[in-house]
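*Asks:*
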Amino acid sequence: MKRLQSLVYLLLCLGALIVVVGVNTGCENSSDEDEKTSLPVILITPGTVEEDISANLTFSVSIDKIEQGDTVTVDWTTSNGTATAGEDYTADSGTLTFSSTDPQEVNVVVIDDEIYEENETVLLVLSNPVNAKIDTSIADGAEGTITSDGNYQIVVGPTYDSVYSSSPRPDGVIYVDGALWIIEVNAAKLYTIDPATGTESSSFSMNIAHDLSWDGTYIWSTSYFGAHPHLYKYDTSGALQSDITITDEANFPTAMAYDTHNNCIWVVNTNSTPETKVWQINPVSGAVIDSWTLTDGNTLSGVTYGMCVDSKPGYLWMVYGSTLRKVSIAEKSVVKDFTIPSPPAALLTGVFQVETNEFWMVSGNNNVFFKIEITE
15 MKRLQSLVYL LLCLGALIVV VGVNTGCENS SDEDEKTSLP VILITPGTVE EDISANLTFS
75 VSIDKIEQGD TVTVDWTTSN GTATAGEDYT ADSGTLTFSS TDPQEVNVVV IDDEIYEENE
135 TVLLVLSNPV NAKIDTSIAD GAEGTITSDG NYQIVVGPTY DSVYSSSPRP DGVIYVDGAL
195 WIIEVNAAKL YTIDPATGTE SSSFSMNIAH DLSWDGTYIW STSYFGAHPH LYKYDTSGAL
255 QSDITITDEA NFPTAMAYDT HNNCIWVVNT NSTPETKVWQ INPVSGAVID SWTLTDGNTL
315 SGVTYGMCVD SKPGYLWMVY GSTLRKVSIA EKSVVKDFTI PSPPAALLTG VFQVETNEFW
375 MVSGNNNVFF KIEITE
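Under this note's numbering, the first residue of the sequence shown carries the number 15, and numbering increases by one thereafter.
#1: For T274, which of V348, V63, A360 and S227 has the nearest alpha-carbon?
#2: Near L57, which residues of its chain fall below 6 Å by C-beta distance, leaving aside the five closest residues on each side in sequence?
#3: Measure the alpha-carbon distance for G378 versus E119 and round it to whole angstroms.
#4: Helix, strand or coil for I168 per DSSP?
#5: Three-state secondary structure (DSSP) at S237?
#6: Between V123 and the rest of its own chain, which residues show a CB-CB distance below 7 Å, the 5 nearest in sequence each way excluded?
#7: With C-beta atoms as the reference, is S336 less than 9 Å away from I354?
#8: Could you tell me the alpha carbon to alpha carbon distance between E387 and V365, rounded to whole angstroms?
#9: Please state the DSSP three-state secondary structure of S377.
#10: How many Å lie between N312 and M321 at the Cα?
#11: Might you give, ordered along the chain, the residues of its own chain that have their beta carbon closer than 7 Å to the beta carbon of P327, omitting 5 neighbours on each side?
#12: Looking only at its own chain, which residues have a Cβ that is under 6 Å from the Cβ of K79, when we skip the five neighbours before and after it?
#13: In angstroms, rounded to a whole number, what distance separates the CA positions of T290 and Y174?
#14: Report the three-state DSSP secondary structure of S52 (helix, strand or coil).
#15: Name the one or two DSSP bridge partners that K79 has.
#16: So, does the segment 130-141 touch the segment 87-102, judging by three or more C-beta pairs under 8 Å?
#17: If you reduce the DSSP assignment to three classes, tell me which class I222 lands in.
#18: Would you mind sorting N277 into buried or exposed? The rule is 16 or more other CB atoms within 10 Å of its CB.
#19: Taking just the CA atoms, how far does N121 sit from H244?
#20: With Y272 as the anchor, note down where its beta strand (DSSP E) starts and where it stops.
#21: Using a Cβ-Cβ cutoff of less than 8 Å, which residues in the same chain neighbour D66 once the five nearest sequence positions on both sides are dropped?
#22: Counting pairs of beta carbons, one from the segment 339-359 and one from the segment 159-168, are three or more of them closer than 8 Å?
#23: Can you check whether the CB of V86 is closer than 9 Å to the CB of P143?
#24: Taking the Cβ atom as the reference point for each residue, do Y248 and Y238 lie within a distance shorter than 9 Å?
#25: Classify G40 as buried or exposed, calling it buried when 16 or more other Cβ atoms lie within 10 Å of its own Cβ.
#26: Considering D351, what are the terminal residues of the beta strand (DSSP E) in which it resides?
#27: Measuring straight from C-alpha to C-alpha, what distance separates T318 and T268?
#28: Quick check on the DSSP output: the beta strand (DSSP E) that includes P143 runs from which residue to which?
#29: Using a Cβ-Cβ cut-off of 7 Å (strictly less than) and excluding sequence neighbours within five positions of V292, which residues of its own chain qualify?
#30: Cβ of N371 within 9 Å of Cβ of I197?
#31: Looking only at DSSP bridge pairs, what is D175 linked to?
#32: Cα-Cα, which of P297, A223 and G230 is closest to S256?
#33: In the DSSP assignment, the beta strand (DSSP E) including D191 goes from what residue to what residue?
#34: H244 lies in the beta strand (DSSP E); which residues open and close that run?
#35: Measuring CB to CB, does S74 end up less than 9 Å from P117?
Printed below as a string of structure tokens:
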């Protein structure tokens, strides 16, 4: 009997030990989870700097806590916001090491290109944290800003008289493979011009049309004559490739631009209203994809006769009167208006962006074509 009692007692003790061990193991797992959720959090305070030849855009990187003797590391890299690496700032990357909560700085070198630009953004992106975690608010990066003082100058370059022999009225310009192409709307002719001398090298007849655009292969123009407006596509020999009817309400287009970023055509109608109405057109079917009224500066001193797409996605350039206007497609609003000196500008009827802030323009009233650069 005593042996049986001893055996029962031993089994009871073993059971208690198993229970205790199980409880302890559960507590240890809970402790591990608590430790994970209480890791130091890495934060970024982004900076702002005015574009200057010796400027750095500074990001302050910090952690909210650290245990004595611990080391925290995190990788960082720069990324484009609206600014472009190599043009607006110098791309860089590295690793930060923390042994205390003292913040550390990442300095991004700003490139002063002396070209007028709006405020632009640079991202600092963190990855691969060790002994810490990145705050969720900066999971996609923190945004620093390179500012502009808003001042600009218009530098007028070569200016040439029109080569047209009858009813002069230049009404669109593109720059392709080192040559200018300018449409003369009243004579329905397209001229090829040497930009170094302003002299004509060739010409061909075309449908009466307004404005010109270039999609990388073909020349486009638009016309509001007839029951419905048209889009015309030509090759560089002057052969008509397509005659597309715009199928919706864009019934009086005065300017157009082919958008290679979005594979669409933008058309503007301002001839019968003080507001600028913008249509997005399918270049194959002519169907209207979208339309909107430009906000912030709707009332114009003249008709928008020329337009082009910015080299960076998301922006349009329009000309009316003596004004060059930059427009945000996403915001459907005016970014900035630039006043072009007159002469040569008067009733601007065409614009084509050659470089970021270099444009060829034509003036219908002064019957000239010329180049400008926007500088700080």
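Note that beta-carbon positions come from the ideal geometry of N, C-alpha and C, so glycine has one too.
*Replies:* In brief:
#1: Mapped onto the sequence shown, residue 274 falls at position 260. Nearest C-alpha to T274 among V348, V63, A360 and S227: S227.
#2: Counted from its first residue, the sequence shown places residue 57 at position 43. The answer, listed in chain order, is S76 and D149.
#3: Residue mapping note: residue 378 aligns to position 364 of the sequence shown, counting from 1. Residue mapping note: residue 119 aligns to position 105 of the sequence shown, counting from 1. Going from the Cα of G378 to the Cα of E119 covers about 54 Å.
#4: Here the question's residue 168 lines up with position 154 in the sequence shown. Residue state, collapsed to three classes: strand.
#5: Counted from its first residue, the sequence shown places residue 237 at position 223. The answer is strand: DSSP assigns S237 an E or B state.
#6: Here residue 123 refers to the residue found at position 109 when the sequence shown is read from its first residue. Counting only Cβ-Cβ distances below 7 Å, and skipping sequence neighbours, we find N70, Y103 and T104.
#7: Here residue 336 refers to the residue found at position 322 when the sequence shown is read from its first residue. Here residue 354 refers to the residue found at position 340 when the sequence shown is read from its first residue. Taking 9 Å as the Cβ cut-off, S336 and I354 qualify as a contacting pair.
#8: Numbered from its first residue, the sequence shown carries residue 387 at position 373. Numbered from its first residue, the sequence shown carries residue 365 at position 351. Distance between the alpha carbons of E387 and V365: 12 Å.
#9: As a position in the sequence shown, residue 377 is number 363, starting the count at 1. It is a strand residue.
#10: The residue given as residue 312 occupies position 298 in the sequence shown. The residue given as residue 321 occupies position 307 in the sequence shown. Any reading at N312 needs caution, since the residue's pLDDT is 48, under 50, leaving its predicted position unreliable; the model's value is listed next. Roughly 16 Å between the two C-alpha positions.
#11: For this step, residue 327 is matched to residue 313 along the sequence shown. These residues qualify, in order along the chain: H275.
#12: To locate residue 79, count along the sequence shown from 1; it is residue 65. Cβ within range, chain order: P54.
#13: If you number the sequence shown from 1, residue 290 lands on position 276. If you number the sequence shown from 1, residue 174 lands on position 160. When rounded, the distance between both Cα atoms is 30 Å.
#14: Position 38 of the sequence shown, counted from the start, is the residue given in the question as residue 52. Note: S52 maps to coil in three-state DSSP.
#15: As a first step, residue 79 must be located in the sequence shown, where it is residue number 65. K79 is not bridged to any residue.
#16: Counting Cβ pairs under 8 Å, three or more are found: they touch.
#17: Reading the sequence shown from its first residue, position 208 is the one you call residue 222. Here I222 sits in coil by DSSP.
#18: Residue 277 sits at position 263 when you count from the first residue of the sequence shown. Classified as exposed, N277 has fewer than 16 neighbouring CB atoms from the shown chains inside 10 Å of its CB.
#19: On the sequence shown, position 230 is the one that residue 244 refers to. On the sequence shown, position 107 is the one that residue 121 refers to. Distance between the alpha carbons of H244 and N121 is about 52 Å.
#20: The sequence position of residue 272 within the sequence shown is 258, counting from 1. Segment A269 to D273, the beta strand (DSSP E) holding Y272.
#21: By one-based count along the sequence shown, residue 66 stands at place 52. Once the five neighbours on either side are set aside, the close Cβ partners of D66 are V124 and D126.
#22: yes
#23: Translated into positions along the sequence shown, residue 143 becomes position 129. Translated into positions along the sequence shown, residue 86 becomes position 72. Yes, the Cβ-Cβ distance between P143 and V86 is below 9 Å.
#24: As a working note, residue 248 is residue 234 in the sequence shown. As a working note, residue 238 is residue 224 in the sequence shown. Cβ atoms of Y248 and Y238: not closer than 9 Å.
#25: For the purposes of this step, residue 40 is identified with residue 26 of the sequence shown, where counting begins at 1. Because G40 carries a pLDDT of 45, less than 50, the predicted location of this residue cannot be relied on, and the following value inherits that uncertainty. The residue in question, G40, is exposed, as its Cβ has fewer than 16 Cβ neighbours within 10 Å.
#26: As a position in the sequence shown, residue 351 is number 337, starting the count at 1. Here the beta strand (DSSP E) through D351 covers S347 to T353.
#27: Indexing the sequence shown from 1 puts residue 318 at position 304. Indexing the sequence shown from 1 puts residue 268 at position 254. Cα-Cα distance, rounded: 6 Å.
#28: For the purposes of this step, residue 143 is identified with residue 129 of the sequence shown, where counting begins at 1. It spans E134 to V144 - the beta strand (DSSP E) in which P143 sits, taken as one unbroken run.
#29: Locating residue 292 in the sequence shown gives position 278, counting from the first residue. Closer than 7 Å at the Cβ level, and outside the excluded window around V292, lie W280, V282, S305, W306 and L308.
#30: Counted from its first residue, the sequence shown places residue 371 at position 357. Counted from its first residue, the sequence shown places residue 197 at position 183. In this structure, the beta-carbon distance from N371 to I197 does not fall below 9 Å.
#31: Looking up residue 175 in the sequence shown gives position 161. Looking at the DSSP assignment, D175 forms a beta bridge with V382.
#32: Walking along the sequence shown from the start, residue 256 turns up at place 242. Nearest C-alpha to S256: P297.
#33: Numbered from 1 along the sequence shown, position 177 holds the residue referred to as residue 191. No beta strand (DSSP E) contains D191, which DSSP labels as neither H nor E.
#34: Your numbering for residue 244 matches position 230 in the sequence shown. Boundaries of the beta strand (DSSP E) harbouring H244: H244 to Y248, taken from the DSSP string.
#35: For this step, residue 74 is matched to residue 60 along the sequence shown. For this step, residue 117 is matched to residue 103 along the sequence shown. Result yes, Cβ atoms of S74 and P117 sit closer than 9 Å.
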